[in-house]
Amino acid sequence: MREDINFDPVEGVSIAIVTEMNEVNEPVWNVYLLNQNDVYLDNVLVSSKGYGEYKGEDIKTSILRHMFEQIQPKSFAKIEPIDPAIFHIYNEYWVSYYIGRKIYDKRFVFVPDSIVEENLIYISMLGRKGVLHS
């Protein structure tokens, strides 16, 4: 059972939501998983969903699941594009992965209206500005 598994704290793994320019020079937003560790992450599973309330209505997005066999040390993987229309609700990314035979698990939640210009920082690993959640 899940409560029988000893989960060590997740370190060196982050989620970033960054703004980029597409092929027709329009701004788009993408979500990335960053591995800042010196080890490979194996069998990485990322579940994403949005939820919250807007103008008195409950909002839920579809749950999307992404699988990466391996993410190299000091590298990143693009998870998915994200629509700015859902920045006003919670955006959750649940990440599970293995290092060796040990499983790690962490939930990253971007709270409503946290993905805004004032919160953008330069993320050197990506070479772009975005909102970083560690």
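Take 229 as the starting number for the sequence shown in the numbering used here and just add one per residue.
Backbone N, C-alpha and C define an ideal beta-carbon position, used for all residues, glycine too.
Practice task
Give the single residue among Y260, V267 and Q264 whose Cα lies nearest to the Cα of S275.
Solution key: Position 47 of the sequence shown, counted from the first residue, corresponds to residue 275. Across the set Y260, V267 and Q264, the C-alpha of Y260 shows the shortest separation from the C-alpha of S275.
Handout entry: Residue span of the beta strand (DSSP E) that contains N250, given as start and end
Key = As a first step, residue 250 is located in the sequence shown; it is residue number 22 there, counting from the start. That residue, N250, is in no beta strand (DSSP E); it is neither H nor E in DSSP.
Practice task
Would you mind sorting A313 into buried or exposed? The rule is 16 or more other CB atoms within 10 Å of its CB.
Solution key: Counting from one through the sequence shown, the residue named residue 313 turns up at place 85. A313 comes out exposed.
Exercise for the section: Evaluate contact between the region 326 to 333 and the region 257 to 271, counting only Cβ atoms and requiring at least three cross-stretch pairs below 8 Å. Expected result: Because the criterion of three Cβ pairs below 8 Å is met, the region 326 to 333 and the region 257 to 271 touch.
Exercise for the section: Can you give me the Cβ contacts of I343 inside the same chain, cut-off strictly under 6 Å, excluding the 5 residues immediately before and after it? Expected result: Locating residue 343 in the sequence shown gives position 115, counting from the first residue. In chain order, I245, F315 and V359 place their CB closer than 6 Å to the CB of I343, counting only its own chain and leaving out the 5 sequence neighbours on each side.
Exercise for the section: With distances taken Cα to Cα, identify the nearest neighbour of M353 among D236, G284 and I243. Expected result: In the sequence shown, the residue the question calls residue 353 occupies position 125. Restricting attention to D236, G284 and I243, the CA atom closest to the CA of M353 is found in I243.
Handout entry: Limits of the unbroken beta strand (DSSP E) element including S276
Key = For the purposes of this step, residue 276 is taken as the residue at position 48 of the sequence shown. Note, S276: beta strand (DSSP E), L269 to Y282.
Exercise for the section: Closer than 8 Å by C-beta to W257: which residues in its own chain qualify, once you throw out the five before and the five after it? Chain order, please. Expected result: Taking the sequence shown and counting its residues from 1, one reaches residue 257 at position 29. Here the set comprises I245, V246, T247, E248, P309, I310, D311, P312 and I343.
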